[in-house]
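Written out below as structure tokens is the structure these notes cover.
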Amino acid sequence: MTPAVLAEGLVKRFDGRAVVDGIDMAVPVGAIHGVLGPNGAGKTTTLRMLLGILEPDQGRRALFGETAPLRIAGQIGYLPEERGLYPAMAARDAIAFMGALRGLGQAEARSRAEVLLAEAGLAEAARRPIRALSKGMAQTVQLLGTIVHRPRLLVLDEPFSGLDALNQERLEALIRAQVAEGVTVLFSTHVIAHAERLCEAVTIIGGGRVRFAGTVAEARGAFPARVRLVTRAADGSWRAALPRGAARTGGAWQFDLPEGGIEPILAALIAGGAGIETLSIEPPSLHDAFVALVGTGAAAGAAA
Ligand SMILES: Nc1ncnc2c1ncn2[C@@H]1O[C@H](COP(=O)(O)OP(=O)(O)OP(=O)(O)O)[C@@H](O)[C@H]1O
């Protein structure tokens, strides 16, 4: 089946520097796909090329098989990274206006806007000007304006940035509702937790290149689980049984689960009289995988 989003070898250069350097991506119809990467990784530039806002210097892209994406702009909803609504416009009118830009009639756009606001729990904000709304509400209004024309594909650039936990949840619910209706969603983020909660598949980019593409489970599976061990004995010959790289922090030993599994180590620890107080084996989080793939420089942004 033709994918909703296809990118093959996309390249974009600014001032002679390739900020996107050969990106491949395929998003099946109906999927929710995360584009992850630290600041400056090339996420926005990639999305803009996919949408036809920017022309790639090399490579090709297609949305639902259409290689000139602007031709099907009416089927796409796009939330750009830089938000912008007219501050004096009422919330309902702002949504209706965005619908009209995508080809909806005024009356239809207004009535859909009312329904969307009510569904989002913002009915009372319908007639309030944007400037009187909280940042979270305004961002929700902008997202409603992005879906009011019932697009087949939603492209959201950092949709969660600047939102508190409550508004992030509201936005997640809105996105999930779209996916439940068969809409394909592509969104960028540098906050791993969102991708982890929402997406099955992700593309992790760093320095303009794909560092990983696959399911969240695969991203985790590419890295060893972490072992956390607390022994009753503080010291002893059993310490030789710990794998190289084991480090002690806060009274617990931590190390990567070796390929041979935990049992041989455990047997040696017991024989050596270590005494096992607690032992846990945790699969790596998507955050761990992300850090391993794009470097610790990304971790600060990822954790933010
Ligand atoms: N029009 C432009 N002219 C010159 N450089 C640009 C332009 N647009 C983007 N860049 C540069 O390209 C690189 C990638 O930017 P891009 O916005 O695509 O990254 P990003 O992954 O979306 O990061 P962020 O999360 O910080 O927005 C950055 O170094 C940016 O400064």
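The opening position of the sequence shown corresponds to residue 1 in the UniProt record's numbering, with each subsequent residue numbered one higher.
The beta carbon of each residue, even a glycine, is placed where N, CA and C say it ideally should be.
Check	Outcome
Bridge partners - residue 321, DSSP secondary structure assignment	Any answer about residue 321 is impossible in this case: the structure gives the chain only from 1 up to 304.
beta-carbon PRO69 near ligand 2 non-hydrogen atom, thresh 7 Å	Questions concerning ligand 2 fall outside what the structure shown contains, since the ligands it does hold are ligand 1.
Collapsed DSSP secondary structure at THR140 in the structure displayed	helix
Ligand 1 heavy atom lying under 7 Å from the CB of VAL155	no
C-alpha distance - LEU269 paired with TRP238, whole-angstrom precision	5 Å
Rounded Cβ spacing between LEU154 and THR146 (contact assumed at less than 8 Å)	7 Å
Which of helix, strand or coil DSSP assigns to GLY77	strand
Beta-carbon proximity of ALA100 to ALA107, cut-off 8 Å	no
Assigned secondary structure, VAL148 (DSSP; H/G/I helix, E/B strand, else coil)	coil
Selection from TRP253, ILE281, GLY65 and ALA252 that minimises the alpha carbon distance to GLU263	ILE281
Nearest to GLU259 (by Cα), restricted to the options VAL183, GLY221, HIS190 and VAL294	GLY221
Cα-Cα separation, MET1 to ILE32	16 Å
CA nearest to the CA of ALA219, picked from GLU196, GLY105 and SER188	GLU196
Alpha-carbon to alpha-carbon, TRP253 and VAL230	6 Å
C-beta contact flag for PRO3 and PRO28 at 8 Å	yes
Coarse secondary structure for GLY297, derived from DSSP in three states	Because GLY297 carries a pLDDT of 49, less than 50, the predicted location of this residue cannot be relied on, and no value is offered for it.
Exposure of LEU133, with buried meaning 16 or more beta-carbon neighbours within 10 Å	buried
Extent of the continuous beta strand (DSSP E) to which ASP24 belongs	17-27
Sequence-distant residues of its chain with Cβ nearer than 6 Å to ILE265 (five each side left out)	ALA241
Straight-line Cα distance separating GLY105 from LEU198	33 Å
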